[in-house]
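Structure first, commentary second.
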Ligand SMILES: Cc1ncc(COP(=O)(O)O)c(C=O)c1O
Ligand SMILES: Cc1ncc(COP(=O)(O)O)c(C=O)c1O
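Chains as they are written, first to last, in the working numbering: chain A, 8 to 288; chain B, 8 to 288; chain C, 28 to 445; chain D, 28 to 445.
Structure below.
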């Protein structure tokens, strides 16, 4: 029953990192550290040269990964090499999906991409620049290979569009906490609750992302009704500090693990708070 | 009988220098040196800030003179201070004539200018940017004060214009040897003979200027029919060398004097040659 | 997917969800104001194009070139448009539309700086706050245009990612838009981006061919055999072609920047050209499916051209479609040929073209004998912005046609560089 | 002396004899071709002004300024003429005339470089060899224009005498002409010089007021109360005024460069302004009797203005006459006011004016409440050529209206100065 299962037992912590950042080997360890820290699903970025929805933290991660040689094929190998048990979601941009070519059959495009992703054990996709309107071919491929296609609901998504996406989404819905691009922030956006309210009656789990930085943010967001939190830049910042030589590699892995733990614990605390409020209502 | 008289006894040598170049005192000596070298008339430049008909040699002389403080009033003092017997012609541009103001009467313009010029002993004018058409007021003033108004005939002056100027000219006619601006040249222009031919039957003396540099040039030009030669830049070059410190002041005066002598002798030789040719014709 | 988002298989709306509502709002506004002239939008647009922009612009018979090629060559003089390039047609249209839509702020990307200056001018004219994103490389090679934008009161935000050219500037503008989409309109600078931009920008630029088509009939007494325009994103191209598309006998030539070579360096991810129509592959960039310079994985290449305004890895989807349909011929000339054409037009016709426009004249030089008897070439902009680049690039190459520039060096003394 | 060499007591032909025949020849050609349209000269001239130059040019209602001043302000957009200033009207006319006269070579002086670029463009267009004299100071402060002349194939001859500005360049061009007069036409750049230049240049420039007079009636439904134009030599001024001279109710304002002060320094021979109409005395310069900046002896002063194109010690004789007749009001604004107006027009109207033209807008700012309800201002040129100067002069002065230029400095790294 796809990605929804991970949200069943309490709030999910969904970290994002770019695969291969800052190198293939280091990145493998970092992903594993996130699992140790309590990740329930991992969104693993397949870096695209034009990351138009990312803030500078993730842009730079993408550059590091590309410069270290990451490609779609290497990415799939990377996933195979990973020693983690939690589900993996591939987060990328559509051109890499559209251009992907199965070297054996010569097939090119979403179906070839989905087939290969399923083969290496990926369970779903988030394609940042693929709104529901353009998602037909990938949606079909996902269905064929049993993958979830996660859509993002923006604060601006309302009315008909919202309804339309409700029909297409599977796995979980990615609730974008604020307008803009990715990046860790000092505060929790007011838009978060509004956005959650708009999808309150959807039957997929709601994971909130964009700007979450601390355990306390995680707590507040889960308390506000989220079934999960998605955290990218706050983790990538730790990888960036490691890549800049501020911390040795093993310490960076430990820092990632404890940041993950902080966030997961924040989420759990948020869930308790919400249960308390719900009871008192 | 005005300036014509100096051409009566043979070819006249008419040097030009800018009054006050490079300083008031030095310039007085230089003018006197020219007389010693054989000058028959001296064209004494009253420097104007926009000498549009001058080549670089005389432009620079004008700048030196102006920077040393030359003004129209100082110019007239200069003429008074000069100890020479040959007639002096004031060569200038029309704006200085037009603006000249008699400090006592407050009168301004050509008449005031001519009056003061006559007072200090000047016998004629060459006003470079005053064609016959615009010369009415100055012509009148010259008549009133018994001064000659010398016009320049250019190689381009032909037909009606030529006839018109014939009527206005007095003293001598300044035959411009070539198109262009003042400046010493290496050769004698072919245009000289043509130009002389055009004024051959005029009853004023014909003095040829523009580009004459050596005694040999002088000789050829007089041989070709000129009644006089006008030499500026070749002399100013010597003053410039002095101003640049290449020669001490007394040597510069001597160099001027001997250049003058070379030119005067060239003119005389030319006259002999012409006489010889005329006889053999 | 409604078909009018597409041109054949090209086009679409590949943008982050946060932009989709804005794009729907824009689509609605485009249909109402531009297509249906609601509230007299198009009347006001045309009036402002005339009074502020200086339209109509001449179609000039080029005497020297006509003689040189034994062909009647006509120049469509977009270089005379206010701001110095065809870009104002679009910028004015979009800023005005943003006003009709109640937006309070304008953002735009720029490469050569021509779209940025046009947008800054239009925004100043219509009293809209305006920020322009521009790659740092482009800021350096188009400094006068940076200056002009600032002078017009716009903010210029340097983009330091990647190679710092147009591609990165577009990405960065989209990031701004994703944050500010509720009160901000993104004035895209060419017939690229998600629908409805390619159609809308084309419609604003189509005034070029609307005028030219009439003018050429008046002057030459017939339709042209060929119409040439340079192609970067393709806005002047589509503007120049649009009203000729249905005139079957008229050959349409989109002249791309061949750069220094058509070969690409896959390892470095660099294409030493911007010839996406001629050499690119179908893919998705900046919101649209179109022809791209990309590697076999789908990563976008850094393009390169001596002219900043053509230096883009993508191209408008409609143009990609018309090339596939064989209605438009995609051709290209290299940097040298463009530079030579720049000097030729300057010396022979007294018109200093933009380096972008010079590409069209490079093609004319190389292929004039295949183009027929009457040829229209769009002078998409003037070359004032390119003087520094041309000096530098010309000296590197030792071109025969180039003038001697020593007077500039000699007088440089207290003045600084050009 | 035939009266049509004169404007009242101004004008005339004060030139060395060697130039007189050329001036007679020119007078004859002017009468035949320009006044009598012999061989269809004027038809060809107008056709080329349209096709090559881009005429007619708009009269634009300036919305922000109109609101700011509570006055209907209309802009005559000479900045849109090919080359970027009104100068082409005259340059094209004269180069064409030279062709009709069978001349083989063109020379011209230039100050701001606008007349030089216009002449170089016209000469390239009409295939005439061309040399431009330009003071070294001006070469430094107007480098982009030097570049453009060279690019158009003209020679640029630096003039090192004096302060190296327009006055010296004119003198030097006259020297060239005195040498080459038989095959060369001197394309003078303003309504100055010996007859017939002032009349002829005015006639070529009068197209400005011919258009504007019709346009203002069409747009405002009436004649303007005031017409403003900056005055250096006075060619855009006379061009803008000419067809309004007989319209009695129309106030004509010639706005001169007040520079840093109207006081002169007699000892140094320097006027820190170029306000010859406002402060000058009658005298003879460059072939004409007119109002001049001169000392009491009649030596010409060095003028000074932040705008190179106004930096001239003389002014057209017709303008001097019209001021004496009280038909034209001679006014002036200082450098600061012009710079502020430059920024104001750029930011509020989206039009970057030439620094010369900015003077007219400085006057509008200072005196708008005395000018009536409908005001026409000539935007004689665009300001692209002035970017460097404006940057420098604005920084010196710390003007409130100036934009923050740090983005240019920050990106200067590998690029060099603007
Ligand atoms: C003068 C000029 N022509 C052409 C272009 C290329 O753009 P497009 O292909 O969209 O017309 C530019 C872009 O800056 C430009 O400035
Ligand atoms: C734009 C512009 N306006 C005005 C002038 C001043 O000349 P005039 O007074 O002859 O129009 C110049 C001279 O270069 C100029 O470039």
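Beta carbons are placed, not taken as given, at the ideal position from N, Cα and C, and that holds for glycine.
* Got a sec? Which residues, its chain only, sit under 6 Å from residue 156/D by beta carbon, not counting five neighbours each side? -> Same-chain partners within the cutoff: 132.
* Less than 8 Å between the CB of residue 135/C and some heavy atom of ligand 1, yes or no? -> Checking every heavy atom of ligand 1 against the Cβ of residue 135/C, none is found closer than 8 Å.
* Asked: residue 231/A to residue 278/A, Cα distance in whole Å?
  -> Residue 231/A and residue 278/A have their alpha carbons spaced roughly 9 Å apart.
* **Alpha-carbon spacing of residue 26/A relative to residue 72/A, whole angstroms** => Straight-line Cα distance between these residues: approximately 7 Å.
* Nearest-angstrom Cβ-Cβ length linking residue 136/A and residue 41/C, presumed shorter than 8 Å -> Contact between residue 136/A and residue 41/C holds: CB atoms are separated by about 5 Å, below the 8 Å threshold.
* Following the continuous beta strand (DSSP E) through residue 20/A, name the residue where it begins and the one where it ends. => 19 to 25 is the extent of the beta strand (DSSP E) around residue 20/A.
* Which residue comes first and which comes last in the alpha helix (DSSP H) that contains residue 143/D? -> In this chain, the alpha helix (DSSP H) harbouring residue 143/D covers 141 to 152.
* Asked: Does any residue of chain C bring its CB to less than 9 Å from the CB of residue 442/D?
  -> Annotation note: pLDDT 35 at residue 442/D (below 50); position unreliable, coordinate value reported separately. Proximity of residue 442/D to chain C, defined by a Cβ-Cβ separation below 9 Å, is satisfied.
* **Distance between residue 256/D and residue 146/B (C-alpha atoms, nearest Å)** => Each residue's alpha carbon lies about 40 Å from the other.
* **Boundaries (first-last residue) of the alpha helix (DSSP H) holding residue 117/B** => 117 to 127 is the extent of the alpha helix (DSSP H) around residue 117/B.
* Neighbour list for residue 168/B in chain D, Cβ cutoff strictly below 8 Å -> Neighbourhood of residue 168/B in chain D, by CB distance below 8 Å: 47, 48 and 51, in chain order.
* What's the call for residue 249/D, buried or exposed, on a 16-neighbour Cβ count within 10 Å? -> Around the beta carbon of residue 249/D, a 10 Å sphere encloses fewer than 16 other beta carbons of the protein chains shown; the residue is thus reported as exposed.
* Chain-ordered neighbours of residue 165/A on chain C, where CB pairs are closer than 9 Å -> Result: 48.
* Asked: Quick check: the region 177 to 188 of chain C against the region 426 to 436 of chain D, are there 3 or more CB pairs under 8 Å?
  -> Output reads yes: the region 426 to 436 of chain D touches the region 177 to 188 of chain C.
* CB of residue 161/B within 9 Å of CB of residue 47/D, strictly -> Yes. Within cutoff.
* **Backbone CA spacing between residue 84/D and residue 147/C [nearest angstrom]** => Going by C-alpha positions, residue 84/D is about 22 Å away from residue 147/C.
* To do: Closer than 7 Å, Cβ to Cβ, to anything on chain D: give me those residues from the region 59 to 83 of chain C, in chain order.
  => Shown in chain order are the members of the region 59 to 83 of chain C whose Cβ falls below 7 Å from a Cβ of chain D: 77, 78, 79 and 81.
* **Coarse secondary structure for residue 274/A, derived from DSSP in three states** => Of the three classes helix, strand and coil, the one that applies to residue 274/A here is helix, per DSSP.
* Excluding five sequence neighbours on each side, which residues of the same chain lie with their C-beta closer than 8 Å to the C-beta of residue 157/A? -> Spatial neighbours of residue 157/A in its own chain (CB-CB distance under 8 Å, excluding positions within 5 residues in sequence) are listed in chain order as 10, 96, 131, 132, 133, 176, 177, 178, 179, 180 and 181.
* Per the contact definition of three or more C-beta pairs closer than 8 Å, is the region 72 to 82 of chain D in contact with the region 108 to 118 of chain D? -> Judged by pairs of C-beta atoms under 8 Å, the region 108 to 118 of chain D touches the region 72 to 82 of chain D, as three or more such pairs exist.
* **Closer than 8 Å: residue 320/C CB and nearest ligand 1 heavy atom** => In this structure, ligand 1 has no non-hydrogen atom nearer than 8 Å to the beta-carbon of residue 320/C.
* residue 217/D and residue 262/D look like a contact to me (Cβ under 8 Å); what is the Cβ gap, rounded to whole Å? -> Indeed they touch by this definition, with Cβ atoms about 4 Å apart.
* Roughly how many angstroms separate the alpha carbons of residue 391/D and residue 130/C, rounded to a whole number? -> Using only the alpha carbons, I get a separation of about 32 Å.
* To do: Provide the residue span of the alpha helix (DSSP H) that contains residue 48/D, from first to last.
  => In the DSSP assignment, residue 48/D falls within the unbroken alpha helix (DSSP H) covering 47 to 56.
* Can you list the beta strand (DSSP E) stretches of 3 or more residues lying completely in the region 216 to 273 of chain B, in chain order? -> You should have 235 to 238.
* For residue 357/D, which of helix, strand or coil comes out of DSSP? -> Three-state result, residue 357/D: strand.
* **Any chain D beta carbon closer than 9 Å to residue 286/B** => No, residue 286/B does not count as interfacial toward chain D.
* **Where the alpha helix (DSSP H) containing residue 197/D begins and where it ends** => 193 to 207 is the extent of the alpha helix (DSSP H) around residue 197/D.
* Could you tell me whether any Cβ in chain D is nearer than 9 Å to the Cβ of residue 430/C? => For residue 430/C, the answer is yes, since a Cβ of chain D falls inside 9 Å of its Cβ.
* To do: Determine the DSSP secondary structure at residue 423/D, reduced to helix, strand or coil.
  => Here residue 423/D sits in helix by DSSP.
* Asked: Got a sec: which bits of the region 335 to 353 of chain C sit with their beta carbon under 7 Å from any beta carbon on chain D, in order along the chain?
  -> From the region 335 to 353 of chain C, no residue has a Cβ closer than 7 Å to chain D.
* Asked: Near residue 153/D, which residues of its chain fall below 7 Å by C-beta distance, leaving aside the five closest residues on each side in sequence?
  -> If we look at residue 153/D and ignore the five residues flanking it on each side, its Cβ neighbours are 122, 123 and 126.
* To do: Please report the residue range of the beta strand (DSSP E) in which residue 137/C lies.
  => Here the beta strand (DSSP E) through residue 137/C covers 132 to 137.
* To do: Could you work out which residue in 205/B, 20/B and 252/B is closest to residue 266/B when comparing CA atoms only?
  => Per the Cα distances, 20/B.
* Mind checking which residues open and close the beta strand (DSSP E) that includes residue 291/B? => Limits of chain B in this structure are 8 at one end and 288 at the other, which puts residue 291/B out of reach.
* Asked: residue 40/B to residue 235/B, Cα distance in whole Å?
  -> Computed Cα separation, rounded: 19 Å.
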